[in-house]
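Novice:
Protein chains: 2
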Amino acid sequence: MTRGPNAGLIGARDAQARLATPCLLLDVDAFEHNLAAMMDLARRYRRQVRPHVKAHKCAMVGRHQLEAGAVGLCCATVREAEVIAEAGLEGILVTSPVTAPAMIERLAHAHARVGDLAVVVDSAAGVEALARGIGAGRPLGVLVEIDVGQSRTGVTRPEDAVRLARRIEELPQLRYRGVQAYSGHLQHVPAHVDRKAKAAEQWARLRLFLDALSADGLPPEIVTGGGTGTHLLDLEEGPFTEIQPGSYLFMDKQYGAIELAPGGSAPFRTSLTVATRVISANQPNLAVVDAGFKAMATDAGPALVAGGTAAGAAYQFMGDEHGGLRFGAGAVRPAVGDLVTLVAPHCDPTVNLHDWFHVMKDGRLVDIWRIDARGY
Amino acid sequence: MTRGPNAGLIGARDAQARLATPCLLLDVDAFEHNLAAMMDLARRYRRQVRPHVKAHKCAMVGRHQLEAGAVGLCCATVREAEVIAEAGLEGILVTSPVTAPAMIERLAHAHARVGDLAVVVDSAAGVEALARGIGAGRPLGVLVEIDVGQSRTGVTRPEDAVRLARRIEELPQLRYRGVQAYSGHLQHVPAHVDRKAKAAEQWARLRLFLDALSADGLPPEIVTGGGTGTHLLDLEEGPFTEIQPGSYLFMDKQYGAIELAPGGSAPFRTSLTVATRVISANQPNLAVVDAGFKAMATDAGPALVAGGTAAGAAYQFMGDEHGGLRFGAGAVRPAVGDLVTLVAPHCDPTVNLHDWFHVMKDGRLVDIWRIDARGY
Chain A
25 MTRGPNAGLI GARDAQARLA TPCLLLDVDA FEHNLAAMMD LARRYRRQVR
75 PHVKAHKCAM VGRHQLEAGA VGLCCATVRE AEVIAEAGLE GILVTSPVTA
125 PAMIERLAHA HARVGDLAVV VDSAAGVEAL ARGIGAGRPL GVLVEIDVGQ
175 SRTGVTRPED AVRLARRIEE LPQLRYRGVQ AYSGHLQHVP AHVDRKAKAA
225 EQWARLRLFL DALSADGLPP EIVTGGGTGT HLLDLEEGPF TEIQPGSYLF
275 MDKQYGAIEL APGGSAPFRT SLTVATRVIS ANQPNLAVVD AGFKAMATDA
325 GPALVAGGTA AGAAYQFMGD EHGGLRFGAG AVRPAVGDLV TLVAPHCDPT
375 VNLHDWFHVM KDGRLVDIWR IDARGY
Chain B
25 MTRGPNAGLI GARDAQARLA TPCLLLDVDA FEHNLAAMMD LARRYRRQVR
75 PHVKAHKCAM VGRHQLEAGA VGLCCATVRE AEVIAEAGLE GILVTSPVTA
125 PAMIERLAHA HARVGDLAVV VDSAAGVEAL ARGIGAGRPL GVLVEIDVGQ
175 SRTGVTRPED AVRLARRIEE LPQLRYRGVQ AYSGHLQHVP AHVDRKAKAA
225 EQWARLRLFL DALSADGLPP EIVTGGGTGT HLLDLEEGPF TEIQPGSYLF
275 MDKQYGAIEL APGGSAPFRT SLTVATRVIS ANQPNLAVVD AGFKAMATDA
325 GPALVAGGTA AGAAYQFMGD EHGGLRFGAG AVRPAVGDLV TLVAPHCDPT
375 VNLHDWFHVM KDGRLVDIWR IDARGY
């Protein structure tokens, strides 16, 4: 397996100076700190963590998460589940409904490779399609997805959840495992107290569903949901058996800007940066770098300058392959060829643009991990 | 070479129904129309076309462009140049300055493989770095990049262009080929008449540089620039020997919205769409599809619904792997599992998210082309 154009730099003293850019750097100390900090919190509150592969799309990172104590791994796509299954990792939960026969066929292949794979469903047609597509053999785990306020996927009424769960129980190809309720729209509410109030409303709605299922003899074994933004609230007081955080590993600009714990003491550190180089500096107070729309996702505004010789500059997108660093008058600007590191605005779709994590320790390149499930 | 999860569907009658989504569809009839239409225009005005690989990142598409009569291929990155050189295609121009020694080393390898490779430069440090990195052997072609109004890369004064050109001529490792002047900020000016007025200002600036170079005995053999938005203006009246269009092949939402030719008769057709599937439909007037931030670039707003059973709906991004189709009250909504096709907001960074073009003819999948230079 190739490890990309920087493979020859592993262990080299001057690796950082010679990196082909733009590329992703992963600070392994911050990464390991984040891995351990989330597991410590979960143990304190006696909950499980099933971290989300959508943030990193990397079997090696998933392996580290399981070794740290995760109960399994969430996957947003069938492709992610395939990669995790091929790596021999267990406890896979596909967190989006899979409805097309061709995708269910691939899900069935992944299911045949591992002992423990489940998928969410939110429609009667979806349940029947899964049963038809999965075939004989070990039944496929299924969770009913519930909408508790995001208004995207999930059933919206307790009676629909009961109906789907009952039908799953009837079908020999499927095995009812529980429910998923994810509130993506709460993850970035800035103030902890506001996020808590909103989360409590969602939990109250979720409890109506849990009560209806229990009253019908269908108490869920798994109640999964929550992300990095609500992780502490969900662990402390939510009606979940497990949470699904992803971005805690990396801490992008969006999560860096919110009050993750009361009082603002951030439990996680920024481990992921985009390395870029100055390619031109002919305009006043501007240095042009080689990272633009194709190096960082644009759905969450501009990147932050993390370090290098450009501290204090403001990044702006300037095209597919170009970014600009704006400096105040009189600031010392980096020279053409200098390396600058940026904190990605939104980590998940930024990681999805790259093929490799360049694992850094104390400024040295110590390993390169493939972002296996990127694209498909 | 694998051709992805849909490889088994080539030639199948029901391929479209069974496609693994989200994925890119390329209508080969529209694609060939666009290829021919651009070359016909260029021949009429006796200019060359050096189409931009940044739009498609695919050696197979590049081969079609050369076969249609292109003089060569523009590449935005060293990676694109490597892919095009490995495919044995000629006439490569790298359109961004390459300044880092590691990247120049890779450029030198690509240069050693092909007969005709050139790169732009916009600084004295860049010229010296190229000369140091390229080594002995055939000299590397170099063009001086000129800023005529975009305020990004390029030299800003005619005397700087002369100084760089003269230094390039002095260095035995380099060969002076001409100049590049790209006006990216004009490409999407909506009205043809406004775009023409602005382009004329840029041409006037460019002519000052061309005159200064000629006066100094350094007349450029190549004057390259222009894109899909200004293609007609640049061919008709611009001071260019060649133009560098990319998006004309695909025609995304952005280019579909502007008046490309006077009177609005569009010379090109939309050939590229994103195929996505309905995965959930529990909310009123909403269908949730499997294409979000990771299937389409977000720098140019939401996608347009192109077809399928969702005509008339409005697309919105709903997360990394989710999109929403909003329907008017009473509209017939697609069912869970239905295929919907979308016109990408901005083609270049959308293509960059995918690994494969699914080549369609009359609704059948006839081939799959790899997007070779995606990532790096």
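From first to last, the protein sequence lines are chains A and B.
Residues 25 to 400, numbered by this note's numbering, are exactly what the first sequence covers, in order.
Residues 25 to 400, numbered by this note's numbering, are exactly what the second sequence covers, in order.
Backbone N, C-alpha and C fix where the C-beta goes; we use that ideal spot for every residue, glycine too.
Taking the beta carbon of Val-85(A) as the centre, do at least 16 other beta carbons fall within 10 Å, making it buried, or is it exposed?
Specialist: buried
Novice: List in chain order: all unbroken beta strand (DSSP E) runs of 3+ residues lying wholly within the stretch 110–180 of chain B.
Specialist: Unbroken beta strand (DSSP E) stretches of 3 residues or longer found wholly inside the stretch 110–180 of chain B: 116–118, 141–145, 164–169, given in chain order.
Novice: Less than 7 Å between C-beta atoms, sequence neighbours within five positions excluded: which residues of the same chain meet that for Val-166(A)?
Specialist: By the criterion of a C-beta distance shorter than 7 Å, Val-166(A) is surrounded in its chain by Ala-142, Val-143, Val-145, Leu-154, Ile-192, Leu-198, Arg-199, Tyr-200, Arg-201, once the five residues flanking it on both sides are discounted.
Novice: Under 9 Å between beta-carbons, which chain B residues line up against Ala-153(A)? List them in chain order, please.
Specialist: Residues of chain B whose Cβ lies closer than 9 Å to the Cβ of Ala-153(A) are, in chain order, Val-360, Gly-361.
Novice: Going by the beta-carbon positions, is the gap between Phe-317(B) and Pro-373(A) smaller than 8 Å?
Specialist: yes
Novice: Less than 8 Å between CB atoms is the rule here; does Arg-176(A) satisfy it with respect to chain B?
Specialist: yes
Novice: In whole angstroms, give me the CA-to-CA distance for Val-73(B) and Gly-270(B).
Specialist: 10 Å
Novice: Return the Cβ separation of Ala-54(B) and Ser-295(B) in integer angstroms, given the expectation that the two are a contact with Cβ distance under 8 Å.
Specialist: That pair is a contact at about 4 Å.
Novice: So what does Thr-300(B) bridge to, in DSSP terms?
Specialist: Val-364(B)
Novice: The alpha helix (DSSP H) that contains Tyr-279(B), what's its start and end?
Specialist: 277–280
Novice: In whole angstroms, what separates the C-alpha of Gly-343(A) from that of Ala-149(A)?
Specialist: 43 Å
Novice: List, in chain order, every chain B residue whose beta-carbon is nearer than 7 Å to that of Met-127(A).
Specialist: Ala-44
Novice: Put Arg-350(A) into one of helix, strand or coil per three-state DSSP.
Specialist: strand
Novice: Quick one: which chain A residues come within Cβ less than 8 Å of Asp-391(B)?
Specialist: Chain A residues near Asp-391(B): none, gap ~18 Å exceeds 8 Å.
Novice: Got a sec: is the Cβ-Cβ distance from His-135(B) to anything in chain A below 8 Å?
Specialist: no
Novice: Have a look at Ala-94(B), Val-390(B), Lys-220(B) and flag the residue whose alpha-carbon is nearest the alpha-carbon of Asp-38(B).
Specialist: Val-390(B)
Novice: Using the three-state DSSP reduction, which class does Arg-388(A) fall into: helix, strand or coil?
Specialist: strand
Novice: Do Thr-254(A) and Glu-266(A) count as a contact pair if the criterion is CB distance below 8 Å?
Specialist: no
Novice: Indicate the three-state DSSP secondary structure (helix, strand or coil) for Phe-264(B) in the structure shown.
Specialist: coil
Novice: In angstroms with no decimal places, state the Cα-to-Cα distance between Asp-51(B) and Lys-385(B).
Specialist: 6 Å
Novice: Kindly identify the DSSP beta-bridge partner or partners of Val-383(A).
Specialist: Leu-50(A), Asp-391(A)
Novice: Name the residues in the stretch 332–359 of chain A whose C-beta lies less than 8 Å from a C-beta of chain B; which are they?
Specialist: Phe-341, Met-342, Gly-343, Asp-344, Glu-345, His-346, Gly-348, Ala-359
Novice: Since Gln-211(B) meets chain A, which of its residues come closer than 7 Å, beta carbon to beta carbon?
Specialist: Under the 7 Å cutoff, chain A gives no residues; its nearest Cβ is about 10 Å from Gln-211(B).
Novice: Would you say Lys-78(A) reaches chain B, if we count a Cβ-Cβ gap shorter than 8 Å as a contact?
Specialist: yes
Novice: Buried or exposed: which applies to Ala-105(A), given that a residue is buried once 16 or more other Cβ atoms fall within 10 Å of its Cβ?
Specialist: So Ala-105(A) ends up on the buried side.
Novice: Compute the Euclidean distance between the alpha carbons of Gln-204(B) and Ile-246(B), then round it to the nearest angstrom.
Specialist: Our two residues, Gln-204(B) and Ile-246(B), have alpha carbons roughly 8 Å apart in a direct line.
Novice: Using a Cβ-Cβ cutoff of less than 7 Å, which residues in the same chain neighbour Val-122(B) once the five nearest sequence positions on both sides are dropped?
Specialist: Val-102, Ile-128, Leu-131, Val-143
Novice: Using DSSP with H/G/I as helix, E/B as strand and the rest coil, what is Val-247(A)?
Specialist: Here Val-247(A) carries a strand assignment [DSSP, helix/strand/coil].
Novice: In this structure, does DSSP put Gly-208(B) in helix, strand or coil?
Specialist: DSSP places Gly-208(B) in helix when its eight states are reduced to three.
Novice: At the 8 Å Cβ level, is Gln-89(B) part of the contact set with chain A, yes or no?
Specialist: no
Novice: Alpha carbons only, please: which of Ala-31(A), Thr-333(A), Cys-371(A), Asp-218(A) is nearest the one belonging to Ala-355(A)?
Specialist: Thr-333(A)
Novice: Specify the secondary structure class of Ala-239(A) as computed by DSSP and reduced to three states.
Specialist: It is helical.
Novice: Given a cut-off of 8 Å on the beta-carbon distance, is the pair Asn-309(B) and Phe-351(B) in contact?
Specialist: For Asn-309(B) and Phe-351(B), yes; Cβs fall inside 8 Å.
Novice: So, for Asp-140(B): in the same chain, excluding its five sequence neighbours on each side, which residues have a beta-carbon less than 8 Å away from its beta-carbon?
Specialist: Beyond the five residues adjoining it in sequence on each side, Asp-140(B) comes within less than 8 Å, by CB distance, of Gly-96, Glu-114, Gly-115, Ile-116, Gly-165 in the same chain, given in chain order.
Novice: Rounded to whole angstroms, what is the Cα-Cα separation between Pro-358(B) and Pro-243(A)?
Specialist: 33 Å
Novice: By the 10 Å Cβ neighbour count, where 16 or more other Cβ atoms means buried, how is His-382(B) classified, buried or exposed?
Specialist: buried
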